[in-house]
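Scroll down for the structure; my scribbles are underneath it.
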Ligand SMILES: [Zn+2]
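Residue numbers (the numbering used here): 20 to 79.
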């Protein structure tokens, strides 16, 4: 349909076109979070792992 697909942040449920894939605990579960939630997961977190950035638009 040509529309931009968006995803919701796993923490605050805000829909955005850019999300960060991260692990934030020892369970190893990947979460997709927005740029507002990212610092909260990152700060003082020994389990924080960055797994890439998800974007709604792909490069062509
Ligand atoms: Zn968020």
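Beta carbons are placed, not taken as given, at the ideal position from N, Cα and C, and that holds for glycine.
Starting from the N-terminal side, write out each stretch of the beta strand (DSSP E) that is 3 residues or longer and does not extend beyond the region 22-61.
If we require 3 residues or more, the beta strand (DSSP E) runs fully inside the region 22-61 come out as 37-42, 49-52.
Helix, strand or coil for residue 67? Go by DSSP, reduced to three states.
Correct three-state label for residue 67: coil.
Return yes when the Cβ of residue 53 is within less than 8 Å of the Cβ of residue 33, no when it is not.
Their beta carbons are under 8 Å apart, which means residue 33 touches residue 53 by this criterion.
Is residue 48 near ligand 1 - that is, is its Cβ less than 7 Å away from at least one heavy atom of it?
Every heavy atom of ligand 1 is 7 Å or more from the Cβ of residue 48, so no.
Give every residue of the same chain whose Cβ lies closer than 8 Å to the Cβ of residue 63, excluding the five residues on either side of it in the sequence, and list them in chain order.
Here the set comprises nothing.
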